[in-house]
Structure formats: structure tokens, C-alpha cells
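Under our numbering, residues 95 to 364 are what the sequence shown spells out, in order. Backbone N, C-alpha and C fix where the C-beta goes; we use that ideal spot for every residue, glycine too. In what follows, a structure is listed as C-alpha cells, so that the remarks can point back to it.
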Amino acid sequence: MIRCSIHNHTTYCDGRDSAENVIRAAIAQGFETVGISEHSVFPEDPPSGMTPEGEPALYAELMALREKYKGQIHVAAGIEQDTFSPPRQMPWEYVIGAVHYIRTDEGLTAVDLSPDVTKACIDRIFYGDAMAFAACYYRTLAEVVERTDCDVIAHFDLLTKFKEIAPLIDTKSLRYRRLVSDTLDALLPADRIFEINSGAMSRGYRAEPCPGDWILRELNRRGARIMLSSDSHAAVHVGYAFPQMAAYAKRCGFHTGWVLTAKGWEEAVL
Ligand SMILES: [Zn+2]
Ligand SMILES: [Zn+2]
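Shown next as C-alpha cells:
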């Protein structure tokens with residue numbers, strides 16, 4: 095079983111609990127590694143990221159917590175770096191690269207804030223063409239490794255976060271599938287880890303993990319590496335749906351996932 099959860103948020107950004115409470119929750123659930131990967135500083139929308147002072151403060155806090163909990167769990171210090179954030183200030187142990195915003199004629203627009211924001215963006219900026227919105231998202235995602243030098247690629251099809259409550263994009267269309275395929279063509283040569291993410295499930299938006307199963311099958315067919323992520327915003331969700339995600343990955347052809355240990359990245363049986 096995978097005993098590593100390194101995509102978790104805290105009160106340094108939009109999470110509900112302190113880093114220490116997240117760590118304690120992970121220990122209680124039997125994890126061997128827990129990581130905090132807070133949202134990078136984001137000057138265009140300050141509440142969506144850490145403050146510039148918060149980034150070094152969190153890093154220092156995590157170094158102290160690593161010492162405090164040594165022998166019980168490995169505390170990893172990472173960051174979820176948005177493509178449009180300024181360069182990070184601290185030597186984070188791992189980077190999760192993410193696209194939460196797209197750049198349009200109106201500046202930076204959030205991809206997954208709410209169904210209403212996404213619909214308004216499609217109607218106003220893309221003249222109602224949801225596939226043009228999707229193309230803009232995937233063009234940005236295709237550059238995520240280049241822009242963030244990430245180890246892990248976050249929530250590949252984030253733009254479908256609300257598809258079960260407000261379907262805006264025809265994900266079965268040939269045009270959409272081509273966008274996904276082109277993005278995989280761009281990203282796979284860099285050999286980074288793709289995450290399976292239960293963040294939208296724990297917050298009640300989706301019943302299934304992200305990405306969609308046909309994308310996961312395609313990742314498997316093309317030899318990609320995966321990692322299980324809770325993307326938790328509350329300590330109680332630190333290992334949310336891990337057994338379900340492991341079963342989902344197995345159904346899509348995977349036998350192993352990647353975990354971060356005190357010694358570095360390792361492959362582990364799902
Ligand atoms: Zn994210
Ligand atoms: Zn996140």
C-alpha cells in the first residue's frame with residue numbers, strides 16, 4: 095500500500111489546519127511520509143497563494159517539524175508552484191507544478207474557482223466556445239514543466255473539476271481528446287510524475303478521482319509514472335480515498351506508484 099501523501103495544504107494558504115495537525119493526522123493514519131505543498135506566492139491574486147513572508151516561515155516551520163517527528167514519519171517540504179507565480183524563494187524538496195490560471199485578453203483568469211466563474215469566462219472571453227477555453231488551459235499545461243521545473247504534474251484535467259455538477263466541456267469529443275493527446279506529447283518526454291488527485295472528491299465536487307479514466311489509461315499505455323495525492327485542505331482529508339485511487343490506478347493498468355522517502359523518490363507497489 096502507498097504510505098506517502100505529499101500534496102496537502104495548511105493555514106499558510108487556503109487550508110483549514112496547521113502543518114503540525116496535518117502531520118499528526120498522517121501519523122494517525124499510518125503514513126510513512128507526509129508532505130506540505132502550499133500554493134506558491136501569486137501577486138495577481140494574493141489570497142490564492144502564500145504571502146512572500148509566509149514562504150520562508152513555512153519552510154522553517156517544516157524543518158523544525160521534521161526534526162520533532164523524526165522516527166515517527168518523514169516530513170517533506172514541498173510547494174505547489176503555479177505556472178504564473180514568481181520564482182520560489184526556498185530550496186523546496188519537491189515541486190508540484192500546476193495550472194490554476196490561464197492568461198487571456200482580460201489578464202489571468204481562474205480555471206477552477208467555481209462553475210459560475212468558469213462559465214462566465216467561457217461566455218465572455220471565448221465567445222461561448224468551451225473547447226477554446228480547454229485549448230487555452232492545455233496549452234498552458236503543456237508548458238508546466240518548462241515553467242516550474244516540477245517533479246510532479248498536478249491535477250491534469252483540473253478544468254473538468256465541476257463536470258459532474260455543471261458539465262461545460264464535452265470531454266468525449268474528438269477535439270477534446272486531441273487536446274489531451276497533444277498535451278501528453280508535450281509533457282511525457284520530461285518524464286515527470288503525474289498525480290491521481292482526490293481533492294475534488296473530498297470537497298464534494300466529484301465522485302471519481304482526477305484525471306478521468308481514459309486519460310489514466312493513456313498515461314499507462316505511454317509508460318508514465320504516477321503518484322497518489324489527496325490535495326487536502328483539512329487534516330482529516332490527508333489520506334482521502336487512497337485505497338479507492340489505488341484500485342482505480344490498477345483498473346487503468348498501473349501496478350506501482352511513486353513515493354517520496356527520506357532517501358528520495360522510490361517506486362512502490364499500489
Ligand atoms: Zn492545485
Ligand atoms: Zn493543491
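Using the beta-carbon count (16 or more within 10 Å), is I259 buried or exposed?
As a working note, residue 259 is residue 165 in the sequence shown. Residue burial is scored here from C-beta neighbours: I259 has fewer than 16 other C-beta atoms within 10 angstroms and is therefore classed as exposed.
Just to confirm, are A170 and I100 a CB contact at a threshold of 8 angstroms?
The sequence position of residue 170 within the sequence shown is 76, counting from 1. The sequence position of residue 100 within the sequence shown is 6, counting from 1. Taking C-beta atoms as the reference points, A170 and I100 count as a pair closer than 8 angstroms.
Could you name the residues of the same chain whose beta carbon sits closer than 6 angstroms to that of M295, not counting the 5 residues immediately before and after it, in chain order?
Mapped onto the sequence shown, residue 295 falls at position 201. Cβ within range, chain order: A335.
Cβ neighbour criterion (16 or more within 10 Å) applied to M157
As a first step, residue 157 is located in the sequence shown; it is residue number 63 there, counting from the start. That one is exposed.
Can you find the residues in the same chain that come closer than 7 angstroms, C-beta to C-beta, to E187, ignoring five residues on each side of it along the sequence?
The residue labelled residue 187 in the question sits at position 93 within the sequence shown. So the qualifying residues of the chain are A170, A171 and G172.
Rounded to the nearest angstrom, how far is the Cβ of I190 from that of S131, given a contact under 8 angstroms?
Along the sequence shown, read from residue 1 onward, the residue named residue 190 stands at position 96. Along the sequence shown, read from residue 1 onward, the residue named residue 131 stands at position 37. Sure, about 5 angstroms apart at Cβ, within 8 angstroms.
Buried or exposed for W308, please, with buried defined as at least 16 other CB atoms from any protein chain shown within 10 angstroms of its CB.
For this step, residue 308 is matched to residue 214 along the sequence shown. Per the 10 Å Cβ criterion, exposed.
Entirely within the region 233-299 and at least 3 residues each: give me those beta strand (DSSP E) ranges in chain order.
You should have 287-291.
For the beta strand (DSSP E) containing Q175, list its first residue and its last residue.
For the purposes of this step, residue 175 is taken as the residue at position 81 of the sequence shown. For Q175, the enclosing beta strand (DSSP E) stretches over residues H168 to D176.
Quick one: is L235 buried, meaning 16 or more other Cβ sit within 10 Å of its Cβ, or exposed?
Start at 1 with the first residue of the sequence shown, and residue 235 comes out as number 141. It counts as buried.
G351 and A343: beta carbons closer than 8 angstroms?
Within the sequence shown, numbered from 1, the residue matching residue 351 stands at position 257. Within the sequence shown, numbered from 1, the residue matching residue 343 stands at position 249. With a cutoff of 8 angstroms on beta-carbon distance, G351 and A343 are scored as near each other.
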